[in-house]
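J.: A single structure is presented below for examination.
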Amino acid sequence: MSRSPVVPVLAIDGPSGSGKGTVSRLVADHLGWRLLDSGALYRAVGYAAGMAGLDLSDAEAVTRCAETTKIQFRAAADGGDTRVIVNGHDATDELRTETAGAAASAIASVPSVRQALVALQLGFRKAPGLVADGRDMGTVIFPDAPFKVFLTASAAERAKRRYKQLKEKGLSVTLAGLQREIEARDSRDASRAVAPLKPAVDAVLVDSTGMGIGDVVAKVLAVVKL
Ligand code: DC
């Protein structure tokens, strides 16, 4: 009996600032696989909820918002970053802000919001393969993924990276403030009841503290054995 071939998934989970976003994009480009930036989905729902003036602690309202928000990913015309379109509006830049990150973290702790985003995420699994970037890719969404990485870096290093990015954008932030925010978000993401941030038992741990991006990409690619 012939079975349809299973599309391989490389799950890359870990906290914000671990370099997951950049590493996932480079690894997906290298393999010629699709990319799922699941954090962008939570950011998009948080953003849409904010635009609608919803109380982020109103679980019913934010769940309805997660069920009805239209999220599209569109390749940028100039070959730059993929654009994220939320309810018809290009919200790519707004989604990268600390405010959007905090809103995403808040709504991501609501089980029915997470449930509303499952089918959308599963739909990204298409041939020849998928790199799935998030917090629960290897544990909840794609538990059968043949390749799993948990990418970390120290909170101090992640704060330094974020500080550099935000300064380059001309934003006024302090390193100590960012490190505090990162630690608070980590502990919220790790301690929530549903899909807490934790490595899958079969994930390969990669600590990128002090490593260059090229070395991290090479380490992650070494996990993929086709
Ligand atoms: O990876 P990111 O910083 O864009 O994620 C934004 C928030 O969304 C983060 O605080 C945790 C949440 N998130 C999640 O709960 N599950 C995912 N798979 C991805 C992100």
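Each step along the sequence shown adds one to the number in the numbering used here, with nothing skipped, and position 95 is 106.
Don't be surprised by glycine CBs; every beta carbon is placed ideally from N, CA and C.
These numbers come from a predicted model, not from an experiment.
Ignoring anything shorter than 4 residues or poking outside the stretch 23-61, list the alpha helix (DSSP H) runs there in chain order.
T.: 31-42
J.: Just the C-alpha distance for residue 145 and residue 89, rounded to the nearest angstrom, thanks.
T.: 26 Å
J.: Given the structure, does residue 116 come close to the ligand DC, in the sense that its CB is under 7 Å from one of the ligand's heavy atoms?
T.: Correct: residue 116 has its Cβ closer than 7 Å to the ligand DC.
J.: Can you tell me which of 101, 45, 218 puts its alpha carbon nearest to the alpha carbon of residue 160?
T.: 218
J.: What is the DSSP secondary structure of residue 92, counted as helix, strand or coil?
T.: In the three-state DSSP reduction, residue 92 falls in the coil class, being neither helix nor strand.
J.: I'd like to know if the stretch 64-75 and the stretch 211-231 are in contact, where contact means that at least 3 CB-CB pairs between them fall below 8 Å.
T.: no
J.: Using C-beta distances below 8 Å, list every residue in its chain close to residue 137, excluding the 5 sequence neighbours before and after it, in chain order.
T.: 18, 45
J.: Across the stretch 104-121 and the stretch 150-165, are there enough close Cβ pairs to call them in contact, namely three or more that are closer than 8 Å?
T.: no
J.: Can you list, in chain order, the residues of its chain whose CB lies under 6 Å from that of residue 220, leaving out five sequence neighbours each side?
T.: 164, 165, 168
J.: Counting contacts by CB-CB distance shorter than 8 Å, is residue 127 in contact with chain C?
T.: Among the chains of the structure shown, chain C does not appear; only one protein chain is present.
J.: Alpha carbon to alpha carbon, what distance is there between residue 134 and residue 114?
T.: 24 Å
J.: Among all the DSSP beta bridges, which residues are the ones paired with residue 163?
T.: 218
J.: Please go through the same chain and pick out, in chain order, the residues whose beta-carbon is closer than 8 Å to the beta-carbon of residue 59, but skip the five residues on each side of it.
T.: 76, 80, 97, 98
J.: Taking just the CA atoms, how far does residue 57 sit from residue 117?
T.: 8 Å
J.: To the nearest angstrom, how far is it from the Cα of residue 201 to the Cα of residue 209?
T.: 7 Å
J.: Taking its Cβ as the centre, do 16 or more other Cβ atoms sit within 10 Å of residue 185, making it buried, or is it exposed?
T.: Classification for residue 185: exposed.
J.: If you follow the beta strand (DSSP E) that residue 244 is in, where does it begin and where does it stop?
T.: For the chain, the structure presents residues 12 to 237; residue 244 sits outside this window and is missing.
J.: With DSSP as the reference, please indicate the residues paired to residue 143 in a beta bridge.
T.: 22, 47
J.: Please list, in chain order, all residues of the same chain as residue 197 whose beta carbon is under 6 Å from its beta carbon, the five residues on each side excluded.
T.: If we look at residue 197 and ignore the five residues flanking it on each side, its Cβ neighbours are 26.
J.: Would you mind stating whether residue 147 and residue 24 have Cβ atoms separated by less than 8 Å?
T.: At a Cβ-Cβ threshold of 8 Å, residue 147 and residue 24 count as neighbours.
J.: From the DSSP secondary-structure annotation, give me the bridge partner or partners of residue 97.
T.: For residue 97, which the question treats as bridged, DSSP gives the partners 82, 100.
J.: Looking only at its own chain, which residues have a Cβ that is under 7 Å from the Cβ of residue 53, when we skip the five neighbours before and after it?
T.: 115, 118, 119
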